[in-house]
Amino acid sequence: MTNHAHDISILNGLIEAMLDSCDGYREAAEQSKNVMMAELFRHWATQRRQATTDLRETVRALGGEPQEDGTVLASAHRVFLDLRAHMSRTNKAVVQEVERGEDHIKHKFERALMDRKIGVVARLAVQSAYVSVKSGHDDMRNLKRSYD
């Protein structure tokens, strides 16, 4: 029987980050005064939830117990928690904070993809979720640039 402990650990770390991202997007949508921005944040919260579900299924398939909660201490979550304070400021400041969180998650996924020890099944799950992560990151980056 193959030991998938490394893969499960990597996937659970990504699940934590995705949960934090989902919570952050949901918080940003609730606090946003801009209807279009709130809708965009809700869209990405939904995308993060779906990608998280897929990663959890992979953890289960590998015989592991998927992460159920994000971590309050995660960098992405701390960035998103700062949104509440920034909501009273400009839309640009809000987008900058969201994009910073997206940078964190994107880099976390890229590190996982560079891990030579990760198995094929886990790598495929990470690659699949990364498509959404990269797209969300690029949306936030482009939105940020529109304010420059």
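Mapping of the sequence shown onto the working numbering: residues 127 to 274, in sequence order.
No residue lacks a Cβ here, since even glycine has one placed at the ideal position from N, Cα and C.
A quick note: this is a predicted structure, and the numbers were derived from the prediction, not measured.
I need the straight-line Cα distance from Glu-236 to Asp-133, nearest angstrom please. Residue 236 sits at position 110 when you count from the first residue of the sequence shown. Residue 133 sits at position 7 when you count from the first residue of the sequence shown. In a straight line, the C-alpha of Glu-236 is about 15 Å away from that of Asp-133.
Work out the CA separation of Ala-187 and Ser-201 for me, nearest whole Å. Here the question's residue 201 lines up with position 75 in the sequence shown. Here the question's residue 187 lines up with position 61 in the sequence shown. In this prediction, Ser-201 scores a pLDDT of 49, lower than 50, which makes its location untrustworthy; no coordinate-derived value is stated.
From which residue to which residue does the alpha helix (DSSP H) around Glu-236 run? If you number the sequence shown from 1, residue 236 lands on position 110. It spans 217-240 - the alpha helix (DSSP H) in which Glu-236 sits, taken as one unbroken run.
Thinking Lys-270 and Glu-225 are a contact (beta carbons under 8 Å), I'd like their distance in whole angstroms, please. Position 144 of the sequence shown, counting from 1, holds the residue named residue 270. Position 99 of the sequence shown, counting from 1, holds the residue named residue 225. Right, their Cβ atoms sit about 5 Å apart.
On a CA-only basis, which of Val-257, Ser-258, Ile-231 and His-169 is nearest Gly-139? Give me that one, please. Here residue 139 corresponds to residue number 13 of the sequence shown, with the count starting at 1. Among Val-257, Ser-258, Ile-231 and His-169, the Cα nearest to that of Gly-139 belongs to Ile-231.
Nearest-angstrom beta carbon gap, Gln-193 and Glu-142 [assumed within contact, 8 Å]: The sequence position of residue 142 within the sequence shown is 16, counting from 1. The sequence position of residue 193 within the sequence shown is 67, counting from 1. About 5 Å separates the two Cβ atoms, so the contact holds.
Glu-175 versus Ser-272: straight-line alpha-carbon distance, rounded: Working through the sequence shown from its first residue, we reach residue 175 at position 49. Working through the sequence shown from its first residue, we reach residue 272 at position 146. Looking at the sequence itself, residue 175 is Arg, so the reference to Glu does not match. Spanning the two alpha carbons is a distance of roughly 27 Å.
Nearest residue (CA-CA) to Lys-218, options Leu-137, Asn-268 and Lys-243: Along the sequence shown, read from residue 1 onward, the residue named residue 218 stands at position 92. Minimum Cα distance to Lys-218 is reached at Asn-268.
Could you tell me which of Val-220, Arg-168 and Gly-245 sits nearest to Val-185, measuring between CA atoms? Position 59 of the sequence shown, counted from the start, is the residue given in the question as residue 185. Residue Gly-245 is the option with its Cα nearest to Val-185.
Helix, strand or coil: which one does DSSP assign to Ser-158? The residue you call residue 158 lines up with position 32 of the sequence shown. Reduced to three states, the DSSP call for Ser-158 is coil.
According to DSSP, simplified to helix, strand and coil, what is Leu-188? Along the sequence shown, one-based indexing puts residue 188 at 62. Here Leu-188 sits in coil by DSSP.
Give me the Cα-Cα distance between Glu-153 and Arg-242, rounded to the nearest whole angstrom. Counted from its first residue, the sequence shown places residue 153 at position 27. Counted from its first residue, the sequence shown places residue 242 at position 116. For Glu-153 and Arg-242, the distance between alpha carbons rounds to 35 Å.
Tyr-273 by DSSP, collapsed to three states: which one? Along the sequence shown, one-based indexing puts residue 273 at 147. Of the three classes helix, strand and coil, the one that applies to Tyr-273 here is coil, per DSSP.
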